[in-house]
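For what it's worth, the numbering used here labels the leading residue of the sequence shown as 116, then goes sequentially.
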Amino acid sequence: MNYTFFHYGPDLLFTDPWVRWPATVSFVFGNTVMVLLAVWGGWKRGYKDFLWWGLLMPIYWLLHSIASYWALVELLTKPHYWYRTKHGLAGQVVDVPERQRASASS
């Protein structure tokens, strides 16, 4: 598919159905499988309270893309700049749920 895209240009993806439909099916099927696997994995481990978060994975992927483009722009415009993250802002200890304590002790 990459050869076809780069050889014929991006117009092929939007005009020819023999490229557009397999690409669309692959995109939808692949992303659906990834989300369902995340939800299923949480279900099998017993994290039923967090299953809805698995449905937000496409938003998470979008945020990854935005961060990657932001990093690329910073790399090209300010190559020696280091964007530092402030650490130690939590300040409080979070209590570990009972099921995690039980699984850690066994």
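Beta carbons: idealized from backbone N, C-alpha and C, even for Gly.
A residue is called buried when at least 16 other Cβ atoms come within 10 angstroms of its Cβ; Gly145 does not meet this threshold and is exposed. When secondary structure is reduced to three states using DSSP, Thr200 falls in the coil class, being assigned neither helix nor strand. DSSP places His179 within a helical segment (H, G or I) once states are collapsed to three. In this structure Gly169 is buried. Its beta-carbon is surrounded by 16 or more other beta-carbon atoms within 10 angstroms.
About 5 Å separates the Cβ atoms of Val154 and Leu166, confirming a contact at the 8 Å cut-off. The alpha-carbon of Gly157 is positioned some 17 Å away from that of Pro173.
Apart from sequence neighbours up to five positions away, no residue of its chain approaches Leu171 with a beta-carbon distance below 8 Å. Leu151 and Ala186 have their C-alpha atoms spaced approximately 30 Å apart. Assignment of Leu170 by DSSP, reduced to helix, strand and coil, places it in the coil class.
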